[in-house]
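The block underneath contains the structure these notes are about, expressed in structure tokens.
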Amino acid sequence: MTAVFPYPSMRRSFDLRFYFVVGPDDCKGRTLLDVVSKALDGGASFIQLRAKHGDVRDIVSMAADIAEEIRGHHLDDRVAFVIDDRVDAAIEARHCGIKVDGVHIGQDDLSPEEARRLLGNDAIVGLSANTPGQVEAANALPAGTIDYIGAGPLHMTATKPEAGVAGNAKTLDAGQINALCDASLYPLVVGGGVHVEDVPMLADTYADGWFVVSAIAAADDPEIATQRLVDAWTGVRGDARHGYEETVGTPTSLPAVLTVATTDSSGGAGIAADLKTMLANDVYGECVIAGITAQNTTGVQEIASVDAALIASQIDSVFDDIRPAAVKIGVVVGREAIETVAARLRAHGAKHVVVDPVMVATSGSELSDDESVVTMTRELFPLAEVITPNIPEASTLVGETIDGREAMERAARTLAERYGCAALVKGGHGTNDASDVLAWPGGDVRWFEGERIANTNTHGTGCTLSSAIASRLALGDTLGDAVANAKAYLGGALRAQLDLGAGSGPMDHGWARH
């Protein structure tokens with residue numbers, strides 16, 4: 001897959017499918033650079049330099065050569081390059097201007113939090129996690145700490161003689177791999193003794209790719225060995241990259257996501273926040289303006305409707321040309337406008353609709369009157385894959401006070417059953433934490449635990465989360481994964497501690513670029 005950094009992101013996109021781990025001792029008498037070059041020719045999409053016990057200067061020298069080899073193949077924007085464990089070497093290499101994207105660390109190496117602190121927000125940090133418990137511990141890390149997980153071994157090897165994921169000393173089966181992937185909030189690759197015969201099984205699981213050492217490094221022809229591994233994967237999965245394809249020298253495409261919402265003249269919420277969020281999550285943002293506000297961090301001074309016919313024309317223009325893969329709906333001003341939005345989305349067969357039922361702005365200003373709320377629930381909720389009310393909004397919708405986790409879950413179940421769509425009740429207005437609960441119409445429930453981030457600048461959090469969910473759905477995530485990824489991205493924007501305006505200020509939607 002192309003990991004698109006739900007939380008962290010803006011570091012860069014990276015393709016985990018064909019992950020080659022190699023060091024100077026793995027190359028069967030050949031030079032390290034010769035093996036890396038042939039692996040790149042064969043289609044390797046991710047390179048990890050393994051020289052854990054080397055001198056920093058030697059590792060940095062090898063890293064410089066590998067980075068130059070990747071650049072020489074014109075793949076520096078397509079192939080990610082990390083160093084195994086040695087954060088010190090990665091820091092030194094990056095300080096010297098060498099294009100090292102980050103590190104991969106093991107369970108007994110430097111802590112992921114410390115690695116992230118030392119390398120900064122723009123680095124890629126991978127983590128080995130071989131058991132369900134280790135995956136759960138990875139999930140519990142602060143949002144943005146790691147970017148992917150490497151799990152294994154698939155088979156015992158000389159370098160990984162320990163038991164596999166399920167405690168089986170020889171192999172993992174597809175069910176065990178899928179269980180790990182289901183549990184993980186992060187992309188997950190599987191390796192350890194992988195050979196070409198194993199790849200069709202791996203490609204038929206939820207894993208995001210394979211990682212190998214000797215299957216390429218010790219092969220008689222590393223290029224042909226890499227090609228065979230790549231072909232074995234793509235023969236099952238195809239060439240699609242998590243919702244879009246990109247090919248060197250040819251035009252590229254991104255999934256488009258449409259926001260139907262109001263303007264925010266301060267740029268922190270509404271259309272502005274939605275488009276920033278979509279850009280940050282690697283989708284192409286489109287917009288239909290369904291209302292105009294005079295607004296800043298202290299409140300909404302004025303709100304005006306847009307003619308319903310103009311709203312309809314905007315929607316038709318979007319769907320007739322760059323059809324969105326997902327739609328986020330925020331504030332739509334007035335009954336007629338809401339009915340128009342619903343009618344045109346139905347006519348165009350819109351998919352992956354996320355409805356954020358905004359009733360009160362973060363500043364406390366009322367944004368929806370009673371008639372609009374009734375029309376919204378009648379017209380828009382039936383189109384939704386998920387609705388995303390906060391606690392006050394959910395309380396209004398179910399007609400009862402929500403004063404804790406049990407009440408949140410009860411409200412989510414009620415809304416899902418009543419409207420036939422999933423309901424995410426957001427806990428940011430709670431007193432203890434920032435955990436959210438998602439309920440599906442069939443009765444399933446999933447909690448998304450979250451810490452309360454000490455930041456009073458929360459203008460646009462609801463818009464940002466719902467837009468991130470829509471973006472992730474457009475990229476191919478399941479709804480549960482989309483919520484988890486979107487929530488983690490929002491956490492990163494809050495942690496950036498942007499401080500603008502006299503009231504509840506906006507967040508830094510591009511926080512990880514800095």
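With full-length UniProt numbering, letter number 279 in the sequence shown gets 279, and the count goes up by one each step, no holes. No residue lacks a Cβ here, since even glycine has one placed at the ideal position from N, Cα and C. Nothing here was measured: the structure is a model prediction, and the numbers come from that model.
For residue i: DSSP bridge partner residues
i    : result
H459 : P506
I66  : According to DSSP, which records beta bridges pairwise, I66 is partnered with nothing at all.
S19  : It should be pointed out that residue 19 corresponds to Tyr in this sequence rather than to Ser. DSSP, once it has assigned bridges, lists F46, F211 as partnering Y19.
A439 : A423, V445
I387 : V355, A423
Neighbourhood of residue i by C-beta, 7 angstroms cutoff - its chain only, sequence neighbours within 5 removed
i    : result
H73  : L40
L498 : N457, G505, P506, M507, D508
E379 : I338, E339, A342
E136 : A183
A143 : Y7, A488, G491, G492
Alpha helix (DSSP H) segment containing residue i, residue limits
i    : result
R117 : 112-119
Q227 : 222-237
L188 : L188 -> not in any alpha helix (DSSP H); beta strand (DSSP E) instead, spanning 188-191.
S395 : 391-398
L415 : 405-419
G102 : Note, G102: premise wrong, no alpha helix (DSSP H); beta strand (DSSP E) at 102-105.
I98  : Neither: I98 is in no alpha helix (DSSP H) and is coded neither H nor E.
D370 : 370-379
E136 : 132-139
G428 : G428 -> no alpha helix (DSSP H), and no H or E assigned at all.
P24  : No alpha helix (DSSP H) holds P24; DSSP gives it neither H nor E.
I177 : 174-183
A203 : 199-203
Boundaries of the beta strand (DSSP E) in which residue i is found, first to last residue
i           : result
Y284        : 284-296
R495        : Note, R495: premise wrong, no beta strand (DSSP E); alpha helix (DSSP H) at 479-495.
H95         : H95 -> not in any beta strand (DSSP E); alpha helix (DSSP H) instead, spanning 87-95.
Y148        : 148-151
residue 523 : Summary: the structure shown does not reach residue 523, with the chain confined to residues 1 through 514, and so no result is reported for it.
L127        : 124-128
D84         : 80-84
Beta-carbon proximity list for residue i, same chain, < 6 angstroms, skipping 5 on both sides
i    : result
V332 : A290, I338, V341
E393 : P357, M359
K351 : none
D65  : L33
Y206 : N178, C181
A93  : V60, A63, V100
A423 : I387, A412, L415, A416, A439
K28  : A218
I348 : It is His, not Ile, that sits at residue 348 in the sequence shown. Here the set comprises F319.
A468 : T277, N281, A486, Y489
Y19  : F46, V189, G209, F211
V355 : I329, L380, A384, I387
I315 : V288, R344
L473 : A326, H352, A482
R116 : V125, T145
G268 : H459, G460, P506
G501 : T297
I98  : A63, A64, A67
Assumed close pair residue i, residue j - CB separation to whole angstroms, cut-off 8 angstroms
i    : j    : result
L254 : V283 : 6 angstroms
Q227 : G420 : In fact, because the Cβ distance is near 48 angstroms, the residues do not count as touching under 8 angstroms.
V230 : D26  : So it is not a contact: roughly 19 angstroms between Cβ atoms.
Y186 : L16  : Going by Cβ atoms, the distance from Y186 to L16 rounds to 10 angstroms, so no, they are not a contact pair.
V425 : I391 : 7 angstroms
D84  : Q48  : 6 angstroms
L119 : I91  : 7 angstroms
G334 : S372 : 7 angstroms
P24  : A51  : 6 angstroms
Sequence-distant residues of its chain with Cβ nearer than 8 angstroms to residue i (five each side left out)
i    : result
T461 : T362, G428, L490, L494, M507
S265 : T293, A294, Q295, N296
G503 : N296, T297, T298, G299, S363, H459
Distance cut-off 8 angstroms: residue i Cβ against heavy atoms of the ligand GDP
i    : result
A416 : Looking at this structure, you won't find the ligand GDP or any other ligand, since it has none at all.
Which runs of the alpha helix (DSSP H) spanning at least 4 residues fall entirely within the stretch 256-344, listed in chain order?
270-280, 308-321
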